[in-house]
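Here is the structure we will look at.
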Ligand SMILES: [Zn+2]
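In this note's numbering, the protein residues as written are 1201 to 1638.
Here is the structure:
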């Protein structure tokens, strides 16, 4: 099997791997100024997408800008999220070099889309493909690719439940055919929105993400406990809490947290649209009944008639995009609440260097609409990560000790591959543009 790394090799963003010159796995976009795309635009016979995040799907519509119409295979939520993200990219950058596709290309995506559930094998460009729940966001998949000689397991981005506090009685082979019917969130410490990855299908080679290969995350239930206590304290003191959150996954996760602890909450930004979409795909969330309750518990902001200005006096949590304060309705709320030290801004994800969110954490100031504003409101950060941490990645790879491991999707892929070699694992970190035969 031949693997050509067109993006996401020794970096995070623009993931793209061409298998046997015929099958493309992911085709993402690296969010930067300006955005970056995979180093080549191949002409694959078929495309398979692991999950609906910009760094894995952001450039997919560009594959349809010529005459070729390769089928695109994904889960139903991944298809919907790709369309949402692509429409947003068109709105932000349409018609410029920063948007490598057009409205027409996007319409073609609908024509070539083929959706599949977990564990339903299908054929793509002469390969047998099977998706397994990756536990990262709804619809996220580990992708098993079999070319008849070699079985490659492409992890995509993934997350494991922390089983230390639970009974730990999980079959190695994964006995869960979908998220449906899994134990409710209380039984394990993990994401409330999606069950962690459990399937460990046999594979001859593993291509593994390594975003947090040098980080150990605090137990999820402890993070949630601190977050809830802090929000409740602020509301009790009469303040408002702005909760910047990514639209896909994080917004819904925090809605579930708010419902579980009876914290009054509003939801604003692109996360509203994503939430409505996920209601149509209850099989891809961990507990569809809890999700339904979270949706009816939250109040969705329309933004009409000065609603946002009224909400800031409501003693509630406001879950809103963007997660790093680089746009979205968060920019309306923060200037309104920033002067009062009773108020709080609770960040819920990693803040990339150079973003207003990172600046706010480090300096107590934020540049909003071109103006640097001092912030007297309290600023806190909580790590609700949807990626496996170092222990999670090692736990996952424990099932593949005999298989070569290729490391990608990280800032220190080469160092992590070297660590794995030290443990006796045949491991390497392919470089951008490199072709590897496995
Ligand atoms: Zn992702």
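Heads up, the beta-carbon is just placed ideally off N, CA and C, and yes, glycines get one too.
Item, Value
"The stretch 1598-1606 in contact with the stretch 1560-1580 per 3-pair CB rule at 8 Å", "no"
"Nearest-angstrom beta carbon gap, residue 1518 and residue 1442 [assumed within contact, 8 Å]", "5 Å"
"Shell residues, 5 Å Cβ cut-off relative to heavy atoms of ligand 1", "1253, 1357"
"Closest by C-alpha distance to residue 1344, when choosing among 1322, 1359, 1363, 1361", "1322"
"Anticipated Cβ contact below 8 Å, residue 1275 with residue 1484, distance rounded", "7 Å"
"Pair within 8 Å by beta-carbon distance, residue 1504 and residue 1532", "no"
"Between the CA atoms of residue 1228 and residue 1553 - distance to the nearest angstrom", "20 Å"
"Three-state class that DSSP yields for residue 1453 in the structure shown", "helix"
"Neighbourhood of residue 1185 by C-beta, 8 Å cutoff - its chain only, sequence neighbours within 5 removed", "Only positions 1201 to 1638 of the chain appear in the structure, and residue 1185 is not among them; the question remains open."
"Integer-rounded CB distance, given that residue 1218 should sit under 8 Å from residue 1248", "No, residue 1248 and residue 1218 are not in contact; Cβ-Cβ is about 11 Å, not under 8 Å."
"Under 8 Å between C-beta atoms of residue 1292 and residue 1255", "no"
"8 Å Cβ cutoff met for residue 1203 and residue 1635", "yes"
"Three-pair Cβ contact test at 8 Å for the stretch 1297-1317 versus the stretch 1348-1364", "no"
"Cutoff 7 Å; reference residue 1270; Cβ partners in own chain excluding five residues on either side", "1244, 1245, 1246, 1247, 1263, 1312"
"Proximity below 8 Å, CB of residue 1148 to CB of residue 1459", "The structure shown does not extend to residue 1148, since the chain is modelled only from 1201 to 1638, so the question has no answer here."
"Whether residue 1589 touches residue 1423 by CB criterion (8 Å)", "no"
"Cut-off 7 Å between Cβ atoms - residues of its own chain near residue 1279, not counting five sequence neighbours on either side", "1313, 1315"
"8 Å Cβ cutoff met for residue 1362 and residue 1419", "yes"
"Residue 1342 - DSSP class collapsed to helix/strand/coil", "strand"
"First and last residue of the uninterrupted alpha helix (DSSP H) at residue 1525", "No alpha helix (DSSP H) holds residue 1525; DSSP gives it neither H nor E."
"Beta carbon of residue 1620 nearer than 8 Å to that of residue 1209", "no"
"Length of the line joining the Cα atoms of residue 1404 and residue 1592", "20 Å"
"Helix, strand or coil at residue 1617 according to DSSP, with G and I counted as helix", "helix"
"Run of the beta strand (DSSP E) containing residue 1352, from where it starts to where it stops", "1351-1354"
"Expected contact under 8 Å - CB spacing of residue 1159 and residue 1523 to nearest Å", "In the structure displayed, the chain extends from 1201 to 1638; residue 1159 sits before or after that span and is not available."
"Status (buried if at least 16 other CB within 10 Å, exposed otherwise) for residue 1480", "exposed"
"Host alpha helix (DSSP H) of residue 1424 (start-end)", "1420-1436"
"Ranges of the beta strand (DSSP E) found wholly within the stretch 1476-1527, counting only runs of at least 3", "1517-1520"
"Helix, strand or coil at residue 1465 according to DSSP, with G and I counted as helix", "strand"
"Supposed contact pair residue 1410 and residue 1205 - C-beta distance, whole angstroms, cut 8 Å", "Wrong, their Cβ atoms sit about 14 Å apart, outside the cutoff."
"Neighbour-count burial assignment, residue 1396, 16 or more Cβ in a 10 Å radius", "buried"
"Beta-bridge partners of residue 1265, as assigned by DSSP", "DSSP output for residue 1265 lists no bridge partner at all."
"Residues of its chain near residue 1578, where Cβ-Cβ distance is below 8 Å and the 5 sequence neighbours each way are ignored", "1434, 1541, 1543, 1544, 1545"
"Completely contained beta strand (DSSP E) runs for the stretch 1296-1329, where each covers 3 or more residues", "1313-1315, 1322-1324"
"For residue 1550, three-class secondary structure by DSSP", "coil"
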